[in-house]
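For the record, the sequence lines run as chains A and B. My numbering puts the first sequence at residues 1 to 385. My numbering puts the second sequence at residues 1001 to 1385. Following: one structure in structure tokens, then a few remarks.
Number of protein chains: 2
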Amino acid sequence: MTAAANQSGRRPTTSRRLERAGIRDVAAAAGVSITTVSDALNGKGRLPEETRSRVREVAERLGYRPSAAARTLRTGRSGLIGLTVTTYGEEPFTFTEFAYFAEMARAATSAALSRGYALVVLPASSRHDVWGNIALDGTVVIDPPDQDPLVSELYRSGVPVVSDGKPGNCPVTAWVDNDHEAAVLNILDHLSEAGARRIGLLTGTSTDTYTRLSTEAYLDWCRRVGQEPVYETYPAHDPAAGAVAADRLLARPDRPDAVYGLFDPNGTDLLAAARRYGMRVPDDLLLVCCSESDVYAGTEPPITTLSLKPRRIGTTVVNLLIDAIEGVDSGTGVDVGRLFPPRFRTASAGPPPGTLMPTELIVRASSQRRSPRTTVSPPRLPGEV
Amino acid sequence: MTAAANQSGRRPTTSRRLERAGIRDVAAAAGVSITTVSDALNGKGRLPEETRSRVREVAERLGYRPSAAARTLRTGRSGLIGLTVTTYGEEPFTFTEFAYFAEMARAATSAALSRGYALVVLPASSRHDVWGNIALDGTVVIDPPDQDPLVSELYRSGVPVVSDGKPGNCPVTAWVDNDHEAAVLNILDHLSEAGARRIGLLTGTSTDTYTRLSTEAYLDWCRRVGQEPVYETYPAHDPAAGAVAADRLLARPDRPDAVYGLFDPNGTDLLAAARRYGMRVPDDLLLVCCSESDVYAGTEPPITTLSLKPRRIGTTVVNLLIDAIEGVDSGTGVDVGRLFPPRFRTASAGPPPGTLMPTELIVRASSQRRSPRTTVSPPRLPGEV
DNA sequence: AGGGGTAGAAGAACCGTTTCTCCATGAGAC
DNA sequence: GTCTCATGGAGAAACGGTTCTTCTACCCCT
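Structure, rendered in structure tokens:
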């Protein structure tokens, strides 16, 4: 074993496969201690600038990259944030179905990155061992169901949790949501002003906050203005069911003359259904749906959409989470209030702080009856105006 | 300090904040050594089933979760896989623009999860410190540009890299791609059979493999059949530019009677442009575009699309990567060939193994002139045959 | 009875950092 | 001259697991 042939401390030279340079190698090469290397590279300690730069240079020359695992172990921070999306059915998670998620995740990733964190995508339903095997500094959950056991466990074990969507019953550090009531009310008023007499709703069967709040706001509005509710529900995760529900809605005897669809694909589904029933949009049917997709700018006619501004939500959620991670020493109460006043979970006192964000209604032809294109004229040729 | 009040080894009782239980706590509670706990929980060592279950039970009771950081430090495996997407312009990465990415990422996440790994989303352009701060077992790169410095550095430092998209010049462990040549040729033949006389192409200005191979295949085909190429290029990351390019293509004096658009939004853009120019689809213009979106099933008319089958790609890429991670001990040649024949980078000998996967053409009304609705129209615009 | 094999479990090194503590040294104050 | 204090830097203890090695019985065989 050729003992006593050590090189830089204690590592035996046996089978010296060319591994990445460690902090000890840098220290040896620079002729200083590992303490000095660490301090120099992290801008800590009391070192003259000359030493610092020399160490930096040696580290650079050796291609030194500190071990993330070791740093995480020592400091307790991994720089990793979980992103949990609610799951439906077979596939681990929906992502594409709703452009909202994709946009939101994208903004969240971006926001995290700019503060030095990275996002780990983790379906809520994934194997427990995967969750346990990752050192997470905090987690973003999207629309957690009531009493989500995963969220509860995370929160209990001291990991900050910020949710997109007002949480039902699970404890979270903070939450962000759109003002869904206001959004729905605004849409219904908008449709009324455009001349709608009977406004229908296409909604979902699930119990998530978005669906529930929106539907309740619709029912409230109906009560207030004295309209009989006209709505159809379907499992929102099933794209085929949406088309069927749209059809059902327009096939009713009390057929509505305006419809708001809560989910992204409702716009095209309703448009197709309207065509099948010979209804012209917006002349016979006013249409609005909630969507982040810009295909609705190009449909015939273009469809008015409600945007939940997912980028804004994603950014806000992540920033709140990182504030919580960095401001509070997560859990035991130690260090609380050193930098921050006790804004975040002083000791689970009171409800978690929530933020409501406005939505944006993008008005297009489908919800404006006074549109200039009065008749069924065929598409205009390039020459005409 | 109340010395000699230690509890389970060496941790001083001083300031015993209620931390998560460690392996030592479990060992103490179960009356065994930490070795035994580790072995029992990981199914190693020689232990009677009785001891195993007892330890498991105690661990469960204490809510013990092994520290991911510590395990990673010791074993050298983090269970984390990076997912790098090419970036354009300001925003960290495109994700929604191309449903392809979203679908692919989703499938990749799913495949990784089912093998016990999680995905970390990391734009190639993100701050270097973020990359350095994460212990990655391997990385998936989507469509790396030639000579990507990031990929090179990763590969050099021993991290397995599998790319979606045949890599230009950067070394990778393996790669997966669609058979783009075959796909384009197939589409052009399909359009020819449907009666196209002059097929145009809407393509991009960037130099990624997809754009390059597809365009070259188109030009080759033109040469072979003796058609003058008719194409317009635009920066694919700019959605507005796409509409303009579509317009340009149909405004040309040598206006094509069929168009293939390489990017997702081209379908709607071309449809809109055709309307503007009074061209009917498919009567005056045959249309195909590459897209994963199912909105093209509902447009008027429905548009034929080429699917790159991103789920299949994502799954394959991840499985190849994990095979490489688990089969080969990354880099030094040690352990190579214990389980696997030297399929993956024996010692950087020869080109990395690549896999070509087929695409799928989803034929809809926009590319079939023999549709029953054809009767009413004068077939060709630009004069006679 | 002695020796070898094996089951069951404990000891301790090690993974690569960060960070707390402490030690020289030299300059200025008295 | 000694005391203090600041400066520059080294030593070594964590962090919390995994795993290689060793140790002790105990049983079986000859």
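Glycine included, each C-beta is placed from N, C-alpha and C at the ideal position. Keep in mind it's a predicted model, so treat the numbers as computed, not measured.
Buried versus exposed call for residue i [16 or more other C-beta atoms within 10 Å across all chains shown]
i	result
Glu-1050(B)	exposed
Val-363(A)	exposed
Met-1104(B)	buried
Val-281(A)	buried
Asn-1133(B)	buried
Leu-1356(B)	exposed
Val-295(A)	buried
Thr-1086(B)	buried
Arg-1312(B)	buried
Thr-215(A)	buried
Ala-1189(B)	A small fix is needed here, since residue 1189(B) is Asp in this sequence, not Ala. With fewer than 16 other Cβ atoms within 10 Å, it is exposed.
Asn-1042(B)	exposed
His-1180(B)	buried
Thr-1205(B)	exposed
Residue i in three-state terms, based on DSSP
i	result
Ser-163(A)	strand
Ser-38(A)	helix
Arg-46(A)	coil
Pro-342(A)	Per-residue confidence for Pro-342(A) stands at a pLDDT of 35, beneath the threshold of 50, marking its modelled position as unreliable; the derived number appears in the next sentence. Note: Pro-342(A) maps to coil in three-state DSSP.
Ala-1258(B)	strand
Ile-386(A)	Residue 386(A) is absent from the model: chain A starts at 1 and stops at 385.
Thr-207(A)	coil
Ile-392(A)	It is not possible to answer for residue 392(A), since the shown part of chain A is limited to 1 through 385.
Asp-247(A)	helix
Tyr-1296(B)	helix
Val-225(A)	helix
Gly-267(A)	helix
Leu-122(A)	coil
Val-386(A)	Given that chain A is displayed from residue 1 to residue 385, the structure contains no residue 386(A) and the question cannot be resolved.
Asp-220(A)	helix
Leu-1063(B)	Note that residue 1063(B) is Gly in the sequence shown here, rather than Leu. Three-state DSSP puts Gly-1063(B) in coil, outside helix and strand.
Ala-196(A)	coil
Arg-106(A)	helix
Opening and closing residue of the beta strand (DSSP E) in which residue i lies
i	result
Cys-290(A)	286-290
Gly-116(A)	Premise fails: Gly-116(A) is in no beta strand (DSSP E) and is neither H nor E.
Leu-136(A)	Neither: Leu-136(A) is in no beta strand (DSSP E) and is coded neither H nor E.
Val-1318(B)	Val-1318(B) -> not in any beta strand (DSSP E); alpha helix (DSSP H) instead, spanning 1310-1327.
Ser-1192(B)	Counting along the chain, Ser-1192(B) falls outside any beta strand (DSSP E), though it belongs to the alpha helix (DSSP H) covering 1180-1193.
Val-230(A)	230-234
Asn-82(A)	Rather than Asn, the amino acid found at residue 82(A) in this sequence is Gly. Per DSSP, Gly-82(A) belongs to the beta strand (DSSP E) from 80-85.
Thr-1305(B)	1304-1307
Thr-359(A)	Note, Thr-359(A): premise wrong, no beta strand (DSSP E); not H, not E.
Residue i beta carbon near the ligand NAP (any heavy atom closer than 7 Å)
i	result
Leu-113(A)	This structure lacks the ligand NAP; in fact it carries no ligand of any kind.
Endpoints, alpha helix (DSSP H) assigned at residue i
i	result
Tyr-155(A)	149-156
Gly-1132(B)	1128-1132
Thr-1072(B)	1068-1075
Quiz item: Listed in chain order, which residues of the stretch 282-300 of chain A have Cβ atoms closer than 7 Å to some Cβ of chain B?
Solution: Val-295, Gly-298, Glu-300
Practice problem: Answer yes if the stretch 1187-1200 of chain B comes into contact with the stretch 1218-1230 of chain B, meaning at least three C-beta pairs across the two stretches below 8 Å, and no otherwise. | Solution: yes
Quiz item: In the stretch 117-139 of chain A, which residues sit with their C-beta less than 8 Å from some C-beta in chain B, listed in chain order?
Solution: Tyr-117, Ala-118, Leu-119, Val-120, Val-121, Leu-122, Pro-123, Ser-126, Arg-127, Asp-129, Val-130, Gly-132, Asn-133, Ile-134, Ala-135
Quiz item: In chain order, what residues of the stretch 1030-1056 of chain B put their CB closer than 7 Å to some CB of chain A?
Solution: none
Practice problem: May I ask you to list, following chain order, the residues of the stretch 58-73 of chain A that have a beta carbon less than 8 Å from some beta carbon of chain B? | Solution: Gly-63, Arg-65, Pro-66, Ser-67, Ala-68, Ala-69, Ala-70, Arg-71, Thr-72, Leu-73
Quiz prompt | the stretch 173-192 of chain A / the stretch 103-110 of chain A touching (three or more Cβ pairs under 8 Å) | solution = no
Quiz item: Which residues, in order along the stretch 1210-1228 of chain B, keep a beta-carbon less than 7 Å from a beta-carbon of chain A?
Solution: none
Quiz item: Taking three-plus beta-carbon pairs below 8 Å as touching, is the stretch 1288-1305 of chain B in contact with the stretch 1266-1275 of chain B?
Solution: yes
Quiz item: Quick one, which residues of the stretch 1231-1258 of chain B are near chain A if we go by CB-CB under 8 Å, in chain order?
Solution: Pro-1239
Quiz item: Between the stretch 1152-1166 of chain B and chain A, which residues of the former have CB atoms less than 7 Å from a CB of the latter, in chain order?
Solution: Ser-1157
Quiz item: Does the stretch 1072-1083 of chain B come within contact of the stretch 1134-1150 of chain B, defined as at least 3 CB pairs closer than 8 Å?
Solution: yes
Exercise. Determine, using beta-carbon pairs with one atom in the stretch 28-40 of chain A and one in the stretch 50-64 of chain A, whether at least three such pairs fall under 8 Å.
Key: yes
Quiz prompt | Against chain B: residues of the stretch 171-188 of chain A by CB proximity under 9 Å | solution = none
Exercise. Flag this pair as touching only if the stretch 1203-1219 of chain B and the stretch 1161-1168 of chain B have three or more C-beta atom pairs under 8 Å; answer yes or no.
Key: yes
Exercise. Select from the stretch 265-280 of chain A all residues with a C-beta closer than 7 Å to any C-beta belonging to chain B, and list them in chain order.
Key: Thr-268, Ala-272
Exercise. Assess, as a yes-or-no matter, whether the stretch 1111-1130 of chain B is touched by the stretch 117-129 of chain A under the definition of 3 or more beta carbon pairs within less than 8 Å.
Key: yes
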